[in-house]
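K.L.:
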Amino acid sequence: MQKRKILLTGGNGFISKNIREQLSKKYRILSPKKTEVDLLKPKDVNNYFKKHNYFDVVIHAANVGGKRNKKDNADVVYQNCLMFFNLVKNKNYFNKIINLGSGAEYSKDRSLEKVTENEFDELIPGDYYGFSKFIIAKFLEEAQIGVNLRLFGVYGKYEDYRIRFISYVILRIIKKKNIDINKNVVFDYLYVDDLMQILEYFIKNDVKYVSYNVGVGKPLSLLTIANKIKQGLNSKSRINLKSKVLGYEYSCNNNRLLNETGKLKFSNFEDSVKNMHGWLINLNLK
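Numbered per full-length UniProt numbering, the sequence shown spans residues 1 to 286.
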């Protein structure tokens, strides 16, 4: 049987790296570099599709913004929307698109406590990143040409350890240093390996809805997560919580996802932390 042909965007991102590493044996994945196709240039995108004729699936993982160490500005909206619409303009060259969306589509100007898909469009996001993701999600809901997977907190191998919380905690433990938490916030964290099995389901199957929240459905506070990691790695590092004020929650209700996929088993948190610990140790960071 011929392998499904997949176009994967955002090849340098941590999720895309995991997709290539974990799914390349099962699917024919083309993940072009920017030198091959600039998603911001319509001609580049059009020519790439014409050259490769047809894709069973486009997984759109490329995006800009949404990171704490980079300034959010209007260019984020422009670039994210332009990349997306340059792809969907070529919808005759693919069967469906799987867009990696964000919980920010619900607007992070409020506490998102196990937010459901039915709450989408109650508020328009006030930040540039969230607004760009909102525009894309609205289009997909209307166009019915694929699926929008709303990711909340995904962690795992290849993530940016400089700014990602779970990597930060593990690195502090490796270095035998204290763990500082500026503000306690409740998050829904999903291990990247679990995202891979979810992606596989959506690659293989036609589904009932356009948008799905993607999370474990069991949110934890940063303080609880830090304590779990500390306990799992037998660490004596001290945890310093700098503020007693609780930040806005960022979690989702994943019932729609569970009902769609059926028997979905999530990784044990302690095991995923040990995997992350091994990866970070091997990086030999000073």
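Quick reminder that beta carbons are idealized off the backbone N, C-alpha and C, glycines included.
Let me know the alpha helix (DSSP H) ranges lying completely inside the segment 212-262, each 4 residues or longer, listed in chain order.
P.N.:
Entirely contained in the segment 212-262, the alpha helix (DSSP H) runs reaching 4 residues are, in chain order, 222-232 and 255-261.
K.L.:
From the DSSP output, in three-state form, read off D56 for me.
P.N.:
Strand at D56.
K.L.:
Taking its Cβ as the centre, do 16 or more other Cβ atoms sit within 10 Å of E117, making it buried, or is it exposed?
P.N.:
Buried.
K.L.:
Look at the Cβ atom of R150, then the Cβ atom of N213, and state whether they are nearer than 7 Å.
P.N.:
Yes, the pair counts as a contact, with Cβ atoms nearer than the cut-off.
K.L.:
Starting from I6, trace the beta strand (DSSP E) both ways and give me its first and last residue.
P.N.:
Element bounds for I6: K5 to L8.
K.L.:
Tell me whether Y209 is buried or exposed, calling it buried when 16 or more other Cβ atoms sit within 10 Å of its Cβ.
P.N.:
By the neighbour-count rule (16 or more Cβ atoms within 10 Å), Y209 is not buried but exposed.
K.L.:
Give, in chain order, every unbroken run of the beta strand (DSSP E) that is at least 3 residues long and sits entirely within the segment 84-159.
P.N.:
Listed in chain order, they are 94-102, 112-115, 146-151 and 153-155.
K.L.:
With DSSP as the reference, label D271 as helix, strand or coil.
P.N.:
Helix.
K.L.:
Quick check: what's the CA-CA separation for L112 versus K89?
P.N.:
Looking at the two C-alpha atoms, the distance is approximately 33 Å.
K.L.:
Do K230 and N182 come within 7 Å of each other at the CB atom, strictly closer than that value?
P.N.:
No, the Cβ-Cβ distance between N182 and K230 is not below 7 Å.
K.L.:
Please state if the CB of I98 and the CB of D135 are separated by a distance shorter than 7 Å.
P.N.:
Reading the sequence as shown, one finds Ile at residue 135 and not Asp. Going by C-beta atoms, I135 is not nearer than 7 Å to I98.
K.L.:
Can you tell me whether D206 is buried or exposed? The criterion is at least 16 other CB atoms within 10 Å of its CB, across all chains shown.
P.N.:
By the 10 Å Cβ count, D206 comes out exposed.
K.L.:
Counting along the chain, where does the beta strand (DSSP E) carrying D188 start and finish?
P.N.:
Careful: D188 lies outside any beta strand (DSSP E) and carries neither H nor E.
K.L.:
May I ask you to report which of helix, strand or coil DSSP gives R172?
P.N.:
It is helical.
K.L.:
Which residue wins for smallest C-alpha separation from G262, given the options Y201, T9 and L280?
P.N.:
Nearest option by C-alpha distance: Y201.
K.L.:
Please classify N86: is it buried, with 16 or more other beta-carbons within 10 angstroms of its beta-carbon, or exposed?
P.N.:
Buried: at least 16 other Cβ atoms inside 10 Å.
K.L.:
When the Cα atoms are used, what is the spatial distance from K50 to D44?
P.N.:
Going by the C-alpha atoms only, they are around 10 Å apart.
K.L.:
Which of the three DSSP states, helix, strand or coil, is assigned to I163?
P.N.:
Of the three classes helix, strand and coil, the one that applies to I163 here is coil, per DSSP.
K.L.:
Residues in the same chain with beta-carbon distance under 6 Å from S235, minus the five sequence neighbours each way, listed in chain order, please.
P.N.:
The answer, listed in chain order, is I173.
K.L.:
If you compare alpha carbons, which of S132, K96, N259 and L280 is closest to V147?
P.N.:
Out of S132, K96, N259 and L280, K96 has the C-alpha closest to the C-alpha of V147.
K.L.:
Select from N255, E122, L264 and N92 the residue whose C-alpha is nearest the C-alpha of N46.
P.N.:
Minimum Cα distance to N46 is reached at N92.
K.L.:
Does the segment 188-195 touch the segment 122-134, meaning 3 or more C-beta pairs lie closer than 8 Å?
P.N.:
Contact between the segment 122-134 and the segment 188-195 is absent, because fewer than three Cβ pairs lie under 8 Å.
K.L.:
Do you know whose CA, among D38, G278 and I179, lies nearest Y48's CA?
P.N.:
Comparing Cα-Cα distances from Y48 to each of D38, G278 and I179, the minimum goes to D38.
K.L.:
Once DSSP output is grouped into helix, strand and coil, what is the label at D38?
P.N.:
Correct three-state label for D38: coil.
K.L.:
Tell me, to the nearest whole angstrom, how far the beta carbon of D121 is from that of G156; I am working on the premise that it is less than 8 Å.
P.N.:
Not really, about 30 Å apart at Cβ, beyond 8 Å.
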